[in-house]
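Numbering (the numbering used here), first residue to last: 1045 to 1288.
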């Protein structure tokens, strides 16, 4: 595993341990490496092994899911000199329903006395670090904040309109390891109720919004305006290679 190759993959030349660098690392990572579940649909088992994740995502220029992208990003941040831990959270389906508990793996970064959620593996999420102190952050597309629930539990929330906040993830600040995530990885990769075992999702952030490719559609979002195009089997590989 090589830091220089990783930085080249995300189009960054040099890094220092400062907040601007942390912002650039997260944004560039999300602009260069897609969130995708192709291996799961092809029945290719994803091992929780950093070197294999590195080979897939950095050397072979693929994307991955949260438990691939965020552990790799955690490694990169640590090598650069940031203080970071992995944590798990539960994805909110809607106001009353939640996904499988603790199946989202993400990162917290400590910097200059503050803790930030720094996530590169949650599809349509913030492109900039979000402080756990509750401050509102605008990444240029959406406003976000983190609300303290109780003890070590927090909610990542996205603004909907002027005064409504929608919870995306409820997470704990308790540190986790890849080994501890193994049973949850099995659920994500194999269970019929997993959101990634039945339908294709490939999505990447852009300077103007986001591009998402599913089984039968291409969605190009620019400045909150969505253009949706039907996609057939003959077009799919060409579109994947063109956009991702």
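Backbone N, C-alpha and C define an ideal beta-carbon position, used for all residues, glycine too. Remember, it's a predicted structure, so these values are computed and weren't measured experimentally.
- In the displayed model, residue 1226 falls within a helix according to three-state DSSP.
- With respect to residue 1247, residue 1255 sits close: the two C-beta atoms are nearer than 8 Å.
- Apart from sequence neighbours up to five positions away, the residues of its chain that approach residue 1049 with a beta-carbon distance below 7 Å are 1102, ordered along the chain.
- For residue 1112, the closest of 1274, 1221 and 1261 by C-alpha to C-alpha distance is 1221.
- Residue 1223 sits exposed, since fewer than 16 C-beta atoms from the chains shown fall within 10 Å of its C-beta.
- In this structure, the straight-line span from the alpha carbon of residue 1269 to that of residue 1240 is close to 26 Å.
- C-alpha of residue 1156 to C-alpha of residue 1148: approximately 26 Å in a straight line.
- For residue 1124, the CB contacts under 6 Å within the same chain, skipping 5 residues up- and downstream, are 1059 in chain order.
- Here DSSP, grouped into helix, strand and coil, assigns residue 1089 to coil.
- The DSSP-derived three-state label of residue 1164 is coil.
- Burial check for residue 1073: the Cβ neighbour count within 10 Å reaches 16 or more, so the residue is buried.
- In the structure shown, the three-state DSSP call for residue 1239 is coil.
- Per DSSP, reduced to three states, the secondary structure at residue 1045 is coil, with no helix or strand assignment.
- For residue 1277, the enclosing alpha helix (DSSP H) begins and ends at 1277 to 1287.
- Taking 8 Å as the cut-off, the Cβ atoms of residue 1274 and residue 1261 count as close.
- Between the region 1069 to 1084 and the region 1107 to 1122 there are three or more C-beta pairs closer than 8 Å, enough to call the two in contact.
- Contact between residue 1091 and residue 1127 fails: their C-beta atoms lie close to 27 Å from each other, not under 8 Å.
- DSSP places residue 1271 in the strand class (E or B) of the three-state scheme.
- In this structure, residue 1162 lies near residue 1151, with their beta-carbon atoms less than 8 Å apart.
- Taking residue 1095 as the centre and dropping the five residues before and after it, the same chain places the C-beta of 1045 closer than 7 Å to its C-beta, in chain order.
- In this structure, DSSP gives residue 1172 a state outside helix and strand, which the three-state scheme calls coil.
- The alpha-carbon of residue 1069 is positioned some 26 Å away from that of residue 1283.
- The beta carbon of residue 1097 sits closer than 6 Å to those of 1112 and 1116, all from its chain and outside the five residues before and after it, given in chain order.
- Taking residue 1067 as the centre and dropping the five residues before and after it, the same chain places the C-beta of 1172 closer than 6 Å to its C-beta, in chain order.
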